[in-house]
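This report refers to the structure that appears directly beneath it.
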Amino acid sequence: MHLELLTNKVFDTGTTDMNSRFRQILLGQLLSHLNYKREKDRSEGFTLIELLVVIVIVGVLSAIALPSFLNQSIKAKQSEAKAYVSSLYRGQYTYYSEKSTFTNNITNLGVGISTATTNYQYASEGDPALLTTRITNKATSRKVGVKSYAGVLVVVKNTANEAVLKHVICNSQDSTYIAGGTPIPNGDLDIVTNEPICPTPGFSSNE
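First residue of the sequence shown: 8, per the working numbering; consecutive thereafter.
Structure (structure tokens):
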């Protein structure tokens, strides 16, 4: 069997440099002030105003750094989901090349992925009557504020009547789809464009 592979990947955009530059400026001002005070009179302590200035600067730095830290933590969790969904995709691709069908049981894929981790629940799901043409690999978030993901894999025929596998990774746009809540719907195949369709509603292929 000849299989052609087409895939779309989703990557996170980097954070802006503005907060980083602002932190550097504030930190530079703080260090400059401390050095000036030390050189001015090593025997004197800080005045109340100087202590307040230091506290304010440290508070501002913390307020800027905390959201950035939390955002990076969320992205790290979501990176796990995208990596696992990609592994399930490769497993389904191999399985299809051997059996001309997909499987709803991820154990059959032999990719060594657990059905649940601290952050996500994983599954491959599709209509049993349509497993020869489509499957949806799902990563359902177990944490509020962390996106769920779905990898939709479909099979179409090219002009030479050869099987072509197409894949797209979709992410949830809100917290509707979370473990214990609304299940992630299956993706689909657009029979007009022969392209995979993200689960609806609430999923998009754009981060």
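Note that the Cβ used here is the ideal one computed from N, Cα and C, for glycine as well. Remember, predicted model here, so these are calculated numbers, not experimental data.
Span separating the alpha-carbon of residue i from that of residue j
i	j	result
residue 165	residue 207	26 Å
residue 205	residue 115	24 Å
residue 14	residue 59	At residue 14, the pLDDT of 47 sits below 50, so the modelled position is not reliable and the matter cannot be decided from this model.
residue 119	residue 92	12 Å
residue 172	residue 193	17 Å
residue 198	residue 102	23 Å
residue 106	residue 148	31 Å
residue 191	residue 56	56 Å
residue 241	residue 167	The chain is shown from 8 up to 214; residue 241 falls before or after that span and cannot be answered.
residue 136	residue 94	24 Å
Cut-off 7 Å between Cβ atoms - residues of its own chain near residue i, not counting five sequence neighbours on either side
i	result
residue 142	99, 109, 131, 133, 160
residue 183	189, 209
residue 150	84, 126
residue 179	154, 155, 209, 210
residue 63	none
Close beta carbons around residue i, own chain, < 6 Å, minus the five adjacent residues each side
i	result
residue 88	127, 146, 156
residue 201	163
residue 21	Residue placement at residue 21 is flagged as unreliable, the pLDDT there being 42, under the threshold of 50; the coordinate-derived value follows with that caveat. Once the five neighbours on either side are set aside, residue 21 has no close Cβ partner at all.
Spatial neighbours of residue i in its chain, beta-carbon cut-off 8 Å, leaving aside the 5 residues before and after
i	result
residue 138	108, 109, 110, 111
DSSP-derived helix/strand/coil call for residue i
i	result
residue 191	coil
residue 198	coil
residue 63	helix
The beta strand (DSSP E) enclosing residue i, as first and last residue numbers
i	result
residue 158	156-164
residue 205	First-last for residue 205: undefined, no H or E at that position.
residue 176	170-179
What runs of the beta strand (DSSP E), each 3 residues or longer, lie entirely inside the region 71-149?
Within the region 71-149, the complete beta strand (DSSP E) segments of 3 residues or longer fall at 127-132, 141-148, listed in chain order.
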